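Chemist: Have a look at this one before I ask anything.
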Amino acid sequence: MPWLTVREVMTAGVTSVDLDATVESIQNLFEQSPFHHVVVIDDDHRVAGVISDRDLLRHLSPFIGKMAERAADLACLQRRAHQIMTRRPATVRAGSLVADAASLMLNRRFSCMPVVDQNGRPIGIVTLRDVAGWATETLRGAA
21 MPWLTVREVM TAGVTSVDLD ATVESIQNLF EQSPFHHVVV IDDDHRVAGV
71 ISDRDLLRHL SPFIGKMAER AADLACLQRR AHQIMTRRPA TVRAGSLVAD
121 AASLMLNRRF SCMPVVDQNG RPIGIVTLRD VAGWATETLR GAA
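For the sequence shown, the residue numbers in my numbering are 21 to 163.
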């Protein structure tokens with residue numbers, strides 16, 4: 021179905037944080053939730069960036085909670101979302117074709133794209149996992 025839209029595969033109700041959210045609060049959010057991406061919003065609630073769980077891990081000291089932990093290791097927890105996010109991520113509209121969104125994610129090596137309304141405010145997120153899940157179900161149905 022080449023005409024399938026992003027709306028049909030996206031995860032609605034995206035989780036977001038503001039630009040000044042701490043790394044510690046973002047870490048807690050990931051630990052308590054099953055998702056792997058969080059959208060960073062600006063003061064107008066528009067998409068400003070995206071943080072993946074891999075982005076977070078790159079900015080955490082491996083010594084936190086260990087005997088070798090130092091004050092500098094703990095300080096990384098006070099960094100802010102705007103310091104670690106991917107800025108100005110590619111976004112997609114809900115009515116866009118899944119094939120186009122998937123192609124963009126693959127070609128530009130994105131693991132997700134926020135789905136936005138006409139004002140640039142997030143209404144959902146589409147991930148490669150969402151697309152793969154849809155493709156798997158479609159292939160099973162075709163067999």
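Ideal placement from N, C-alpha and C gives every residue a C-beta, glycine not left out. Nothing here was measured: the structure is a model prediction, and the numbers come from that model.
Smallest Cα separation from residue 139: which of 67, 126, 120, 103?
Modeler: To locate residue 139, count along the sequence shown from 1; it is residue 119. Measuring from the Cα of residue 139, the nearest candidate turns out to be 67.
Chemist: CB-CB under 8 Å to residue 70, same chain, minus the five flanking residues each way: which ones, in chain order?
Modeler: Within the sequence shown, numbered from 1, the residue matching residue 70 stands at position 50. Answer for residue 70: 57, 58, 59, 60, 105, 106, 109, 132, 134, listed in chain order.
Chemist: I'd like the list of long-range same chain contacts for residue 96, defined as Cβ closer than 7 Å, with 5 residues on each side in sequence excluded.
Modeler: As a position in the sequence shown, residue 96 is number 76, starting the count at 1. So the qualifying residues of the chain are 43, 79, 80, 81.
Chemist: Under 9 Å, do residue 144 and residue 30 count as touching if we go by C-beta distance?
Modeler: Here the question's residue 144 lines up with position 124 in the sequence shown. Here the question's residue 30 lines up with position 10 in the sequence shown. A contact, by the Cβ cut-off of 9 Å.
Chemist: In the DSSP assignment, what residue or residues form a beta bridge with residue 61?
Modeler: The residue labelled residue 61 in the question sits at position 41 within the sequence shown. Note: residue 61 sits in a beta bridge opposite 38, 67.
Chemist: Which residue marks the beginning of the alpha helix (DSSP H) containing residue 125, and which one marks its end?
Modeler: The residue you call residue 125 lines up with position 105 of the sequence shown. Residue 125 -> alpha helix (DSSP H) spans 118-128.
Chemist: What does DSSP give as the partner residue(s) for residue 164 in the beta ladder?
Modeler: Look at the range of the chain in this structure, 21 to 163, and you will see that residue 164 is not part of it.
Chemist: Under 8 Å Cβ to Cβ from residue 24, same chain only, skipping five residues before and after it: list those, please.
Modeler: Position 4 of the sequence shown, counted from the first residue, corresponds to residue 24. So the list reads 117, 118, 119, 154, once near-sequence residues are dropped.
Chemist: Evaluate residue 147 with the Cβ neighbour count: other Cβ atoms within 10 Å of its Cβ, from every protein chain shown; 16 or more gives buried, anything less gives exposed.
Modeler: Counting from 1 along the sequence shown, the entry for residue 147 is found at position 127. By the neighbour-count rule (16 or more Cβ atoms within 10 Å), residue 147 is buried.
Chemist: Can you tell me whether DSSP reads residue 72 as helix, strand or coil?
Modeler: Residue numbering aside, residue 72 sits at position 52 when the sequence shown is read from its first letter. It is a strand residue.
Chemist: Check each candidate in 130, 136, 123, 159 and name the one with the smallest Cα separation from residue 72.
Modeler: Along the sequence shown, read from residue 1 onward, the residue named residue 72 stands at position 52. Answer by Cα proximity: 130.
Chemist: Run through DSSP, which three-state label would residue 78 get?
Modeler: Position 58 of the sequence shown holds residue 78. In the structure shown, residue 78 sits in a helix (DSSP, three-state: H, G or I).
Chemist: According to the Cβ coordinates, are residue 26 and residue 149 closer than 9 Å?
Modeler: Taking the sequence shown and counting its residues from 1, the one referred to as residue 26 is at position 6. Taking the sequence shown and counting its residues from 1, the one referred to as residue 149 is at position 129. It is not a contact, given that the beta carbons lie outside the stated cut-off.
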